[in-house]
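Reviewing the structure listed below.
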Ligand SMILES: [Zn+2]
């Protein structure tokens, strides 16, 4: 951040867009002072996915506890804070509202500015907590809700150059995991099985011509059809071979399109963000091609890939510097578009 | 002693500031606006008008349910975060009791209800002093509620915007015993919310963290999950 700042910028960040209740304190947009996440995964596992009403109920139970813990771990007082940041969207509306209203109440009592952060901007800025961002930068955002290629020419500037036309990559992982009778969340299980497999079932790749867009619903259907045909013939499927075939298809498409976009836009840095960027198969493939290409490639550590508030605080610190402010009428925007703040 | 009251359990919104038992300011509105957008700016505006700083608030009262899940959560999240930030207690009040308090001068029973769809209601009935609950807060079918009221064989005044949805059925069961509050009493008032609790002992501030809405119903997914578990155990 700016060299002439005397006082530290401390952001209290809150994130409740899905099934994690999270709060963090971030110093100068780059340093995590504390990062607390209360996960609902144990509760949501029963339902094989995230149930919005259950998520909202858990958030109300956890919200003040999580914020207090973030302050205590950081050994900080509200008077140390420069601004309160919160995820404004996209996400589950009932879940977003808990974080937003808690953020507004806290900001009001302590007379602090409030900043509404886009969840995907947060995922991308998780990288600012690892190393400085170099522009132009290309971000591959892959999670349960998103598959996007985002070009950034400077801080706060976002151009979505490609996005999924149907399922998000993480969604396809979860659905295929269900076909293979694996527990929720299925992504890590498929990743592990794929690594153990020597052989793979051949599944199609959705290239969508020259576009940077993605599509995973056809691949998902191909897996379902394969299982169905095998069942009808009375043959057993080998889950590991299916997992490897599926993962190979997803990884090849994601890697090839990211590389192509990185070349076209002549980027100085490529980053991966979102829960699925923790996937070993994807990570290894991207690392390899960008090493060969000579473009620096980074993925934040696992706890910054999955939903957390530190990433929201990192993005908010740059918004704070740029003078972006929200107010007490802020509302949750479940389908919020990723727009530049510059 | 300065109280802030927050009522967002259904579509109407009410915020009040009460000082030493006197209502300083109150807003009651019945507009289709999102509580998420309006509650905090309204609190800010009312406190400014009566020249009270957030730090001067001694306690917060909030409608804890039943009602719209989202409405309840917005009110409760704001109330508990304000209370925790100010290190002051938060007190929950039944949203049905708050509504029933509008009918306090009626000489009979007071029944407050919210439409819970599919011929179900959230409802409760009280004696006029509101200390005694004759039918406790619950999620119940309208017919069952009316049957219970009929058996009490006393005049009943119905309060609440949704009472109108069941007017025919109410008359069918209770006939002459049924009364409807004037429409000006259909909206819950945050000042009543405070009035109901201001003389009670205050909960400790440690209880703020665990304060949650009283939904009076488990989530549908959870109900189905429990049913599946039971099936599996048989
Ligand atoms: Zn996310």
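Residue numbers (full-length UniProt numbering), protein chains in the order written: chain F, 1 to 342; chain Y, 1 to 234.
Glycine residues also receive a C-beta, built at the ideal position from the N, C-alpha and C atoms.
Fair warning: this is a prediction, and the values are worked out from it, not measured in the lab.
Interface flag, residue 221 of chain Y vs chain F, CB-CB below 9 Å: One-based indexing of the second chain puts residue 221 of chain Y at position 221. Answer yes: the Cβ-Cβ gap between residue 221 of chain Y and chain F drops below 9 Å somewhere.
Where the beta strand (DSSP E) containing residue 22 of chain Y begins and where it ends: Position 22 of the second chain, counted from the start, is the residue given in the question as residue 22 of chain Y. Counting along the chain, the beta strand (DSSP E) containing residue 22 of chain Y begins and ends at 22-29.
Ligand 1 heavy atom lying under 8 Å from the CB of residue 307 of chain F: In the first chain, residue 307 of chain F corresponds to position 307, counting from 1. It does: the Cβ of residue 307 of chain F is within 8 Å (strictly closer) of some heavy atom of ligand 1.
Min CB distance residue 110 of chain F to chain Y below 9 Å: Here residue 110 of chain F corresponds to residue number 110 of the first chain, with the count starting at 1. Yes, residue 110 of chain F counts as interfacial toward chain Y.
Straight-line Cα distance separating residue 93 of chain Y from residue 196 of chain Y: Start at 1 with the first residue of the second chain, and residue 196 of chain Y comes out as number 196. Start at 1 with the first residue of the second chain, and residue 93 of chain Y comes out as number 93. If you take the alpha carbons of residue 196 of chain Y and residue 93 of chain Y, they lie about 8 Å apart.
Rounded distance between the beta-carbons of residue 334 of chain F and residue 90 of chain F, thought under 8 Å: Mapped onto the first chain, residue 90 of chain F falls at position 90. Mapped onto the first chain, residue 334 of chain F falls at position 334. Their Cβ separation, rounded to whole angstroms, is 6 Å, which keeps residue 90 of chain F and residue 334 of chain F in contact under 8 Å.
Pick from Y:82, Y:50, Y:56 that is closest to residue 6 of chain Y, judged by C-alpha positions: Against the second chain, residue 6 of chain Y aligns to sequence position 6. Residue Y:82 is the option with its Cα nearest to residue 6 of chain Y.
Neighbour flag for residue 272 of chain Y against chain F, beta carbons, 9 Å: In this structure chain Y extends from 1 to 234, so residue 272 of chain Y is not present and cannot be described.
Among F:188, F:63, F:46, nearest to residue 221 of chain Y - alpha-carbon criterion: As a first step, residue 221 of chain Y must be located in the second chain, where it is residue number 221. Checked all of F:188, F:63, F:46; the closest Cα to residue 221 of chain Y is F:46.
Under 7 Å from the C-beta of residue 46 of chain F: neighbouring residues of chain Y: Counting from one through the first chain, the residue named residue 46 of chain F turns up at place 46. The answer, in chain order, is 225.
Under 9 Å from the C-beta of residue 349 of chain F: neighbouring residues of chain Y: Only positions 1 to 342 of chain F appear in the structure, and residue 349 of chain F is not among them; the question remains open.
The stretch 65-76 of chain Y contacting the stretch 8-16 of chain Y, beta-carbon criterion three pairs below 8 Å: Output reads yes: the stretch 8-16 of chain Y touches the stretch 65-76 of chain Y.
Pairwise C-alpha distance: residue 95 of chain F and residue 124 of chain F: In the first chain, the residue the question calls residue 124 of chain F occupies position 124. In the first chain, the residue the question calls residue 95 of chain F occupies position 95. Their backbone Cα atoms lie some 21 Å apart in a straight line.
Contact with chain Y by residue 57 of chain F, beta-carbon distance below 9 Å: Locating residue 57 of chain F in the first chain gives position 57, counting from the first residue. Residue-level contact check: residue 57 of chain F touches chain Y, since one or more beta carbons of chain Y fall below 9 Å from its beta carbon.
Cβ shell of residue 285 of chain F (< 6 Å), same chain only, five flanking positions each side left out: Translated into the one-based positions of the first chain, residue 285 of chain F becomes position 285. Here the set comprises 251, 255.
Every unbroken alpha helix (DSSP H) inside the stretch 130-169 of chain Y [4 residues or more]: 142-152
Three-state class that DSSP yields for residue 36 of chain Y in the structure shown: Translated into the one-based positions of the second chain, residue 36 of chain Y becomes position 36. Correct three-state label for residue 36 of chain Y: helix.
Alpha-carbon spacing of residue 147 of chain Y relative to residue 106 of chain Y, whole angstroms: On the second chain, position 147 is the one that residue 147 of chain Y refers to. On the second chain, position 106 is the one that residue 106 of chain Y refers to. Their Cα atoms are separated by approximately 21 Å.
beta-carbon residue 17 of chain F near ligand 1 non-hydrogen atom, thresh 8 Å: Position 17 of the first chain, counted from the first residue, corresponds to residue 17 of chain F. Yes, the Cβ of residue 17 of chain F comes within 8 Å of a heavy atom of ligand 1.
Ranges of the beta strand (DSSP E) found wholly within the stretch 52-105 of chain F, counting only runs of at least 3: Segments of the beta strand (DSSP E) lying fully in the stretch 52-105 of chain F: 83-89.
Nearest-angstrom Cα separation, counted from residue 294 of chain F out to residue 172 of chain F: The residue given as residue 172 of chain F occupies position 172 in the first chain. The residue given as residue 294 of chain F occupies position 294 in the first chain. The alpha-carbon of residue 172 of chain F is positioned some 31 Å away from that of residue 294 of chain F.
9 Å Cβ cutoff met for residue 122 of chain Y and residue 216 of chain Y: Here residue 122 of chain Y refers to the residue found at position 122 when the second chain is read from its first residue. Here residue 216 of chain Y refers to the residue found at position 216 when the second chain is read from its first residue. Closer than 9 Å, so yes.
Residue 55 of chain Y at chain F interface by Cβ criterion, 9 Å: Translated into positions along the second chain, residue 55 of chain Y becomes position 55. Yes, because at least one Cβ of chain F sits closer than 9 Å to the Cβ of residue 55 of chain Y.
Beta carbon of residue 208 of chain Y nearer than 9 Å to that of residue 89 of chain Y: For this step, residue 208 of chain Y is matched to residue 208 along the second chain. For this step, residue 89 of chain Y is matched to residue 89 along the second chain. Their beta carbons are under 9 Å apart, which means residue 208 of chain Y touches residue 89 of chain Y by this criterion.
Where residue 233 of chain F sits in the DSSP three-state scheme: Locating residue 233 of chain F in the first chain gives position 233, where the first residue counts as 1. It is coil, neither helix nor strand.
Neighbourhood of residue 42 of chain Y by C-beta distance below 8 Å, restricted to the same chain and skipping five residues each side: Taking the first residue of the second chain as position 1, residue 42 of chain Y is located at position 42. These residues qualify, in order along the chain: 13, 15, 27.
Nearest residue (CA-CA) to residue 150 of chain Y, options Y:137, Y:173, Y:132: The residue given as residue 150 of chain Y occupies position 150 in the second chain. Cα-wise, what sits closest to residue 150 of chain Y is Y:173.
Rounded separation between residue 55 of chain Y and residue 96 of chain Y - CA only: By 1-based counting over the second chain, the position of residue 55 of chain Y is 55. By 1-based counting over the second chain, the position of residue 96 of chain Y is 96. Approximately 30 Å, taken between the alpha carbons.
Boundaries (first-last residue) of the beta strand (DSSP E) holding residue 235 of chain Y: Not covered by the structure: residue 235 of chain Y. The range shown for chain Y is 1 to 234.
First and last residue of the uninterrupted beta strand (DSSP E) at residue 112 of chain Y: Mapped onto the second chain, residue 112 of chain Y falls at position 112. Segment 109-115, the beta strand (DSSP E) holding residue 112 of chain Y.
Beta-carbon spacing of residue 61 of chain Y, residue 130 of chain Y below 9 Å: The residue given as residue 61 of chain Y occupies position 61 in the second chain. The residue given as residue 130 of chain Y occupies position 130 in the second chain. Taking 9 Å as the Cβ cut-off, residue 61 of chain Y and residue 130 of chain Y do not qualify as a contacting pair.
Beta-carbon proximity list for residue 297 of chain F, same chain, < 8 Å, skipping 5 on both sides: By 1-based counting over the first chain, the position of residue 297 of chain F is 297. Correct list, in chain order: 269, 270, 271, 272, 286, 287, 290, 291.
Best match in F:198, F:142, F:195, F:279 for proximity to residue 213 of chain F [C-alpha to C-alpha]: Walking along the first chain from the start, residue 213 of chain F turns up at place 213. Comparing Cα positions, the closest option is F:142.
Residue 330 of chain F at chain Y interface by Cβ criterion, 9 Å: Along the first chain, read from residue 1 onward, the residue named residue 330 of chain F stands at position 330. Yes, residue 330 of chain F counts as interfacial toward chain Y.
Residue 191 of chain F burial status per 10 Å Cβ neighbour count (16 or more: buried): The sequence position of residue 191 of chain F within the first chain is 191, counting from 1. Its Cβ being crowded by 16 or more others within 10 Å, residue 191 of chain F is buried.
Chain-ordered neighbours of residue 203 of chain Y on chain F, where CB pairs are closer than 8 Å: Position 203 of the second chain, counted from the first residue, corresponds to residue 203 of chain Y. What residue 203 of chain Y touches in chain F: nothing, since even the nearest Cβ is about 15 Å away.
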